[in-house]
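In terms of this note's numbering, the sequence shown is numbered consecutively and its last residue is 457.
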Amino acid sequence: MALAEKSLVQVINNIVQSILGTAFGVILARSLLPEGLGVYQLYISTAAILTTVGTLGLGQAGLFFINAEKEERRHVLYNLLMVSAALGVLCSLFLVLLTTVASGFFVLVPNWALFLFAAGSGAALLSAIFQYILLADLAVWQICFSGLFSRALPLAIVLCALFGKALQVDISLFAHAVGAITSMVFIWVVLSRKHQFCKTRLDTTLISRMVRYGFPLSIVNCLLILTANASIVLLRLLIPGALSEIGHFGRAVAIANLVILVPGSIGPILYSQWSRSKGKVDVPTLQLATRVNSIVGATLVLGVILMAKPLVLLLYGVDYLPAIPALRILALSCIFKAVMDVWLNLLMSRGETRTIPVVFTLALGILIGTSYLLVPTFGIEGAAISNLVSNLAAALVTFFVLRSNLSEDFPIRGLMIRLSDFAYIRRSARSIWAQS
22 MALAEKSLVQ
32 VINNIVQSIL
42 GTAFGVILAR
52 SLLPEGLGVY
62 QLYISTAAIL
72 TTVGTLGLGQ
82 AGLFFINAEK
92 EERRHVLYNL
102 LMVSAALGVL
112 CSLFLVLLTT
122 VASGFFVLVP
132 NWALFLFAAG
142 SGAALLSAIF
152 QYILLADLAV
162 WQICFSGLFS
172 RALPLAIVLC
182 ALFGKALQVD
192 ISLFAHAVGA
202 ITSMVFIWVV
212 LSRKHQFCKT
222 RLDTTLISRM
232 VRYGFPLSIV
242 NCLLILTANA
252 SIVLLRLLIP
262 GALSEIGHFG
272 RAVAIANLVI
282 LVPGSIGPIL
292 YSQWSRSKGK
302 VDVPTLQLAT
312 RVNSIVGATL
322 VLGVILMAKP
332 LVLLLYGVDY
342 LPAIPALRIL
352 ALSCIFKAVM
362 DVWLNLLMSR
372 GETRTIPVVF
382 TLALGILIGT
392 SYLLVPTFGI
402 EGAAISNLVS
412 NLAAALVTFF
422 VLRSNLSEDF
432 PIRGLMIRLS
442 DFAYIRRSAR
452 SIWAQS
């Protein structure tokens, strides 16, 4: 299957997962209401940050060492397993400790739900690492199924709880954990059967090399996830008792993320492909990828901005109407994410792991600074504006970093959308349709 076809399969998979995730979010939003959803969102955002920090960029490092450094797959897998298992346990224990100690920040849930949620977060850490190995194999269908497990099972659980009139925050956290653990087990089974990576040895030198390569990337990942979740934390800190506001803002983010769904699906495939040649790609191809992502992103942004009120009413109901202004602002900011995603994947495939953290440190600093200025006065709209300014700044800096990194000239006029770009999108869609 060619790159365009694999990319489109991944796009379709992400659309299906997004539909399942949206259905899950709709049920929670309508059942828990904004305040209960805000409690749930605090746990999810905290776990997402801890999971991303705990990966240490080892997934991307493993992919790079397999594709670019030509290390034996099963040897890389075994050593990744040893490290990631320890990191998963530490992540789970730290999450339990944090939520217990910072009880003023979190709303405590029953111990059984907390422990299971922590175990699910540890499993999510392992899945985040080993999904990159599936990408190294370009195993698109296995990636699709692992994602479907993490979405479909939680949806089934909350549906059962809803019909049994037992859906609360603790059941929601339990459902999230079951999906993460099942996805991790599926990835483990697929990789162990294909590579038999347990029949090798512990290589501390290889682990050290992967950590050295992956740690700068993990800083990028951490900055990305902090940027994505910082607004939730800052709303809790800057507006006393802001659980309902967190619920509103979380639903605005959920709808806005639909904008980045399609262009974001292509990024990992591009990274896997480009890393095989250590980021050696001609400028016209890079410009085409950027323009295609821009077209798709801008089309979705326009749709979300025009249909914001009907979307909120249809999905979440009148309780979430205060989220509409923030939703429109957040959707607009996603255009910059779509464009930047292509450039970041090229920089990472070239091994440029030191300059990228600077970009996101700047973006996170702008987000936090503008949030402190805007959130106390404008609430969730101020948080949305902070995200817009932060994404714009990050996209501009990434462009200039990439431009200075390329040996060829990368003129801005090459990013102007052309009619041929629409023809390219149409041909790719027809190709995957013919393949199916």
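Even for Gly, the Cβ is constructed at its ideal location relative to N, Cα and C. Note that the structure is a prediction, hence the values are computed from the model and not measured.
Within 10 angstroms of its Cβ, does residue i collect 16 or more other Cβ (buried), or is it exposed?
i, result
"T67", "buried"
"F184", "exposed"
"S457", "Note that S457 scores a pLDDT of 49, beneath 50, so its modelled location is shaky and nothing firm can be said."
"M22", "Model confidence at M22 stands at a pLDDT of 49, short of 50, so the residue's coordinates are unreliable and nothing is read from them."
"C181", "exposed"
"I87", "buried"
"V122", "exposed"
"T120", "buried"
"T311", "buried"
"L223", "exposed"
"N132", "exposed"
"I154", "buried"
"F365", "Checking the displayed sequence, the identity of residue 365 turns out to be Leu instead of Phe. Its Cβ being crowded by 16 or more others within 10 Å, L365 is buried."
"N35", "buried"
"V313", "buried"
"L114", "exposed"
"A134", "buried"
"A107", "exposed"
Can you tell which of the options has its C-alpha closest to the C-alpha of residue i?
i, options, result
"S252", "L147, V380 and L394", "L394"
"V333", "G57, A414, L348 and G390", "L348"
"F127", "M328, G46, V190 and L137", "V190"
"S213", "F151, L174 and A140", "F151"
"D362", "I276, A415 and A273", "A415"
"L342", "V379, R272, L223 and G400", "R272"
"T203", "F357, L245, G78 and G143", "G143"
"F381", "P131, L279, L98 and V418", "V418"
"L79", "M103, I65, N278 and N366", "M103"
"V254", "V210, C355, T76 and G125", "G125"
"L368", "L427, A310 and L383", "L427"
"D399", "L71, R95 and F270", "The sequence given here has Phe at residue 399, not Asp. Comparing Cα-Cα distances from F399 to each of L71, R95 and F270, the minimum goes to F270."
"L118", "A107, A139 and I389", "A139"
"F236", "T73, F166, K186 and V422", "T73"
"V81", "L156, V322 and L111", "At residue 81 the sequence reads Gln, which differs from the Val that was named. Cα-wise, what sits closest to Q81 is L156."
Does the distance from the C-beta atom of residue i to that of residue j stay below 7 angstroms?
i, j, result
"N100", "I208", "no"
"V199", "L188", "no"
"I281", "A359", "yes"
"M205", "S265", "no"
"S425", "S407", "no"
"L137", "G109", "no"
"R396", "L247", "One detail in the question is off: residue 396 reads as Val in this sequence, not Arg. In this structure, L247 does not lie closer than 7 angstroms to V396 by Cβ."
"L244", "L129", "no"
"V60", "G83", "no"
"I387", "Q62", "no"
"S193", "L49", "yes"
"N278", "F357", "no"
"Q163", "V211", "yes"
"L335", "L176", "no"
"G168", "Q38", "yes"
"L21", "S354", "Examination of residue 21 is not possible in this model, given that the chain is present from 22 through 457 alone."
For the ligand GTP, is there any heavy atom lying closer than 6 angstroms to the beta carbon of residue i?
i, result
"A145", "This structure lacks the ligand GTP; in fact it carries no ligand of any kind."
Please look up how many angstroms separate the CB atoms of residue i and residue j, rounded, as I've assumed it's under 8 angstroms.
i, j, result
"G338", "R51", "6 angstroms"
"V241", "I377", "5 angstroms"
"L256", "A404", "6 angstroms"
"V274", "L351", "6 angstroms"
"T76", "S239", "6 angstroms"
"L71", "L116", "6 angstroms"
"G141", "A201", "4 angstroms"
"L53", "D340", "So it is not a contact: roughly 10 angstroms between Cβ atoms."
"Y234", "F85", "6 angstroms"
Per the contact definition of three or more C-beta pairs closer than 8 angstroms, is the region 322-329 in contact with the region 40-50?
Contact check between the region 40-50 and the region 322-329: fewer than three CB pairs, one atom from each, fall below 8 angstroms, which does not count as touching.
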